[in-house]
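Using numbering that gives the first Met the number 0, the first residue of the sequence shown is number 0, and each one after it goes up by one. Just so it is clear, CB atoms sit at the ideal spot from N, CA and C, and this is done for glycine as well. Reviewing the structure listed below.
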Amino acid sequence: MIAAISEQSSESSSASGADSSENANGSPEWRSFDMHSVIAATEDLFDFILSRKGWRVRVFLVQDIVNASDVFLQEATFPYVYAKVGKIGDLNPERSKMIRRLVNTVQSFRQAINLAPDAWSAMLIRTLLKPESQKFVLDVFLALANHSSYKIPETFWLFMSRFLNYLDKQDIL
0 MIAAISEQSS ESSSASGADS SENANGSPEW RSFDMHSVIA ATEDLFDFIL SRKGWRVRVF
60 LVQDIVNASD VFLQEATFPY VYAKVGKIGD LNPERSKMIR RLVNTVQSFR QAINLAPDAW
120 SAMLIRTLLK PESQKFVLDV FLALANHSSY KIPETFWLFM SRFLNYLDKQ DIL
């Protein structure tokens, strides 16, 4: 939902050439949806996910978050951090798709927030103040800590090794 909104916002802003605040207030395209209605629908979705009926969705979300963290913690994700040749997508297209999906999600959410920052901030604060959301955040944190407890040190040292090799090569040249 957020991705669709941000896509529409980027399409309409690039089509009209004006900034997003002018589009939101004056353009007929922007009258086709109400940002406050979108925020209310998003809040309703969060409320459902955090309710008793949404426990299956929460389980899948935690699993997806853990899988996404695995993508970043796997040694092969950053093989060319300090090299000028090679692409991550060449190594494993599945990981590359996951990384692209995460980056696109964050960018879309940021664009949606930029359209109505006060309303989005208020909704996010209301949601985060609920005990159910605090419990969910704790569940995610504990799942990540439990799942990644051995991978983080290993990945850190592999990254540091590559960094030191990079620094060593810089001194030679």
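For residue i, count neighbouring C-beta atoms within 10 Å of its own C-beta (all shown protein chains included) and say buried if the count is 16 or more, exposed if not.
| i | result |
| --- | --- |
| residue 119 | buried |
| residue 48 | buried |
| residue 20 | Bear in mind that a pLDDT of 45 at residue 20, under 50, signals an unreliable position, so the number given afterwards is only what the model happens to contain. With fewer than 16 Cβ atoms within 10 Å of its Cβ, residue 20 is classed as exposed. |
| residue 135 | buried |
| residue 72 | buried |
| residue 148 | exposed |
| residue 152 | exposed |
| residue 88 | Residue confidence for residue 88 is low, a pLDDT of 48 falling below 50, so the modelled location carries little weight; the figure read from the coordinates is stated next. Looking at its Cβ environment, which holds fewer than 16 other Cβ atoms inside 10 Å, residue 88 is exposed. |
Are the beta-carbon atoms belonging to residue i and residue j less than 9 Å from one another?
| i | j | result |
| --- | --- | --- |
| residue 121 | residue 37 | no |
| residue 101 | residue 58 | no |
| residue 144 | residue 34 | no |
| residue 142 | residue 65 | yes |
| residue 181 | residue 45 | Within the shown structure, residues of the chain are numbered from 0 to 172, placing residue 181 beyond reach of any answer. |
| residue 146 | residue 95 | no |
| residue 138 | residue 61 | yes |
| residue 125 | residue 42 | yes |
Note the first and the last residue of the continuous alpha helix (DSSP H) segment covering residue i.
| i | result |
| --- | --- |
| residue 39 | 34–49 |
| residue 67 | 54–72 |
| residue 141 | 130–147 |
| residue 121 | 116–127 |
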